[in-house]
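I have placed the structure first, in the form of structure tokens, so that the comments after it can refer back to it.
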Amino acid sequence: MITLRGIDPRMIANNLESSMLIHPGEMIKDEIESRGMTQKKLADMTGIAPSVLNEVLNGKRSVTTEYALLIEAALDIDADMWIGLQADYDKQKARNDKSFIKRLEEIRKYAVML
């Protein structure tokens with residue numbers, strides 16, 4: 001987190017998080033569509049079952065390390081990017097989960113007492 005004296009860190013652009021969650025699978029879907037490639041073609045190239053790939057591309061399943069590496073081989077886009085985007089998505093999703101936030105607050109209260 002970037003901090004500047006006299007400025008609320010939440011007001012610094014680099015510290016802002018988008019309120020719109022975008023699953024990395026949606027970005028992969030956009031990429032293959034821009035290349036004129038079908039989901040079936042990508043599934044065939046990677047060996048990922050078409051139904052599983054469809055779930056990834058529609059944000060119903062995570063982009064695992066293995067999927068990211070397979071997609072990297074097929075599309076020549078670094079797997080680290082897909083893995084990082086998935087981690088960012090998961091973190092932001094957790095931060096938007098009210099019950100999880102409450103749990104974190106309870107842990108922080110307890111940790112201060114120690």
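When we follow the working numbering, the leftmost residue of the sequence shown carries the number 1, and every step to the right adds one. Quick reminder that beta carbons are idealized off the backbone N, C-alpha and C, glycines included.
query                                                                                     : result
Extent of the continuous alpha helix (DSSP H) to which Ile83 belongs                      : Ala79 to Arg95
Beta carbon of Ala68 nearer than 7 angstroms to that of Ala79                             : yes
Inter-residue spacing [alpha-carbon to alpha-carbon] between Pro128 and Thr38             : The chain is shown only over 1 to 114; residue 128 falls outside these bounds and no answer can be derived.
Closest by C-alpha distance to Lys115, when choosing among His23, Glu72, Glu31 and Tyr110 : Nothing about residue 115 can be read from this structure; the chain reaches only from 1 to 114.
Thr46, enclosing alpha helix (DSSP H) - first and last residue                            : Gln39 to Thr46
Whole-angstrom distance between Val56 and Met81, CA atom to CA atom                       : 15 angstroms
Anticipated Cβ contact below 8 angstroms, Glu31 with Leu75, distance rounded              : 6 angstroms
Assigned secondary structure, Ile28 (DSSP; H/G/I helix, E/B strand, else coil)            : helix
Host alpha helix (DSSP H) of Leu21 (start-end)                                            : That residue, Leu21, is in no alpha helix (DSSP H); it is neither H nor E in DSSP.
Alpha carbon of Ala73 to alpha carbon of Lys60, nearest angstrom                          : 22 angstroms
Cβ-Cβ distance between Ile48 and Thr65 below 7 angstroms                                  : no
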